[in-house]
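At position 122 of the sequence shown the residue is numbered 121 (numbering that gives the first Met the number 0), and the sequence of numbers has no breaks.
We put the beta carbon where it would ideally sit given N, CA and C, even for glycine.
Remember, predicted model here, so these are calculated numbers, not experimental data.
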Amino acid sequence: MSEPQLDLQPALMQRGALLDGHFRLSSGRHSDRFVQKFRVLEDPALLEPVAQMIAARFRDAKPTVVVGAAVGGILLAYEVARQLGIKAIFIEKANGLPVLRRGFAVSSADRVLVVEDVVTTGLSVREVLGVVQHYGAEIVGVGIIVARAEQLFDKIPVYALLNLPMISYDAAECPQCRAGEPVTDPGSRRA
Ligand SMILES: [Zn+2]
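Below, the structure is given as structure tokens:
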């Protein structure tokens with residue numbers, strides 16, 4: 000299979016998935032960059048080559064199932080799994096805890112590829128890993144569209160298509176606030 004050709008960062012900026020400005024994050028901190036992940040996930044013409052790069056990276060690891068976290072991870076997991084010819088399932092919250100529902104199952108016979116759209120703290124991926132490991136499945140790797148931190152997960156192969164380390168400031172220390180630039184609220188991160 001030929002290597003997919005996609006210059007991701009310009010493609011994300013063109014779709015409005017990667018915004019430059021002055022943003023108030025859901026944490027309350029300020030940043031000059033914001034990732035609107037659904038501008039990628041809503042567009043099959045972009046999500047297909049994105050998923051192709053993740054699928055190509057992990058194909059030789061012979062995963063048997065792709066696991067994502069609701070909501071964005073459902074879409075990415077589906078497209079990666081479609082290209083690998085395997086199933087896609089997802090983790091969701093029940094009573095505040097990450098679980099497999101809907102009859103989804105993994106077992107110790109499974110080799111799991113975990114995917115996530117944007118990883119900032121890694122909490123969501125760690126929850127997925129925890130559930131998968133609870134069932135004794137082997138994790139072959141984590142595929143990420145945009146990683147906003149480094150050194151996310153020990154002892155697991157991580158492949159991020161784009162590394163954009165998060166730089167954020169306490170509002171009182173924000174250089175853009177000091178420069179008098181109006182701050183915008185890009186909306187709920189989980190929307
Ligand atoms: Zn600011």
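Residue i (DSSP reduced to helix, strand or coil)
i	result
residue 180	coil
residue 85	coil
residue 149	coil
residue 107	coil
residue 131	helix
residue 72	helix
residue 48	helix
residue 174	helix
residue 116	strand
residue 136	coil
residue 144	strand
residue 155	coil
Counted within 10 angstroms of its Cβ, other Cβ atoms place residue i as buried (16 or more) or exposed
i	result
residue 77	buried
residue 98	exposed
residue 155	exposed
residue 43	exposed
residue 121	buried
residue 96	exposed
residue 109	buried
Residues near residue i in its chain [Cβ-Cβ closer than 6 Å; skip 5 each side]
i	result
residue 103	88
residue 71	36, 40, 116
residue 74	40
residue 79	50, 53, 54, 65, 114
Proximal residues to residue i (C-beta, below 7 Å), its chain only, five neighbours per side dropped
i	result
residue 58	83
residue 164	147, 148, 149
Contact set for residue i: own chain, Cβ-Cβ below 8 Å, skip 5 residues either direction
i	result
residue 161	7, 8, 11, 144, 145, 146
residue 69	89, 90, 91, 92
residue 183	20, 21, 22, 23
residue 191	The structure shown does not extend to residue 191, since the chain spans only 0 to 190, so no value can be given for it.
(request) Please go through the stretch 7-45 and give each complete beta strand (DSSP E) segment of 3 or more residues, from N-terminal end onward. (result) 17-23, 29-34
(message) If you measure from each CB to the nearest heavy atom of ligand 1 and keep those under 6 Å, what residues do you get, in chain order?
(response) Taking each Cβ in turn, the ones that pass are 21, 29, 170, 173, 175, 176, 182.
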